[in-house]
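Student: Residues in the sequence shown are numbered consecutively from 1, following the working numbering. Structure in structure tokens, see below.
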Amino acid sequence: MSDFFQKLWPGAGLPAPTNAGIEMLCITAQKAEENARKILDRLEGKGEKSSQKAPEFISF
């Protein structure tokens with residue numbers, strides 16, 4: 001049964017992370033969220049580096 005969970009969630013069965021590990025995980029999650037927001041802003045045309053949309057895509 002543990003093989004099933006190990007395949008489903010590779011970190012399962014490892015010892016719990018320390019406070020430093022949890023802090024690093026939170027920082028990584030924050031960076032991922034910031035990057036996702038930047039990408040979404042670019043796609044929506046709100047970002048600093050976003051380009052003008054072609055006329056056929058303005059309604060999307």
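Using N, Cα and C, we set each Cβ at its ideal position, and we do this for glycine too.
1. Taking just the CA atoms, how far does Asp41 sit from Glu34?
2. Pick helix, strand or coil for Lys31, following the three-state DSSP scheme.
3. With respect to 6 Å, is the separation between the Cβ of Gly21 and the closest non-hydrogen atom of the ligand NAD below this value?
4. Any idea what DSSP makes of Lys46, helix, strand or coil?
Tutor: With the given structure in hand:
1. Mapped onto the sequence shown, residue 34 falls at position 34. Mapped onto the sequence shown, residue 41 falls at position 41. Spanning the two alpha carbons is a distance of roughly 10 Å.
2. What you label residue 31 is simply residue 31 of the sequence shown in a count that begins at 1. In this structure, Lys31 counts as helix in the three-state DSSP scheme.
3. With respect to small molecules bound, the structure shown includes none, and the ligand NAD cannot be examined in it.
4. Counted from its first residue, the sequence shown places residue 46 at position 46. It is coil, neither helix nor strand.
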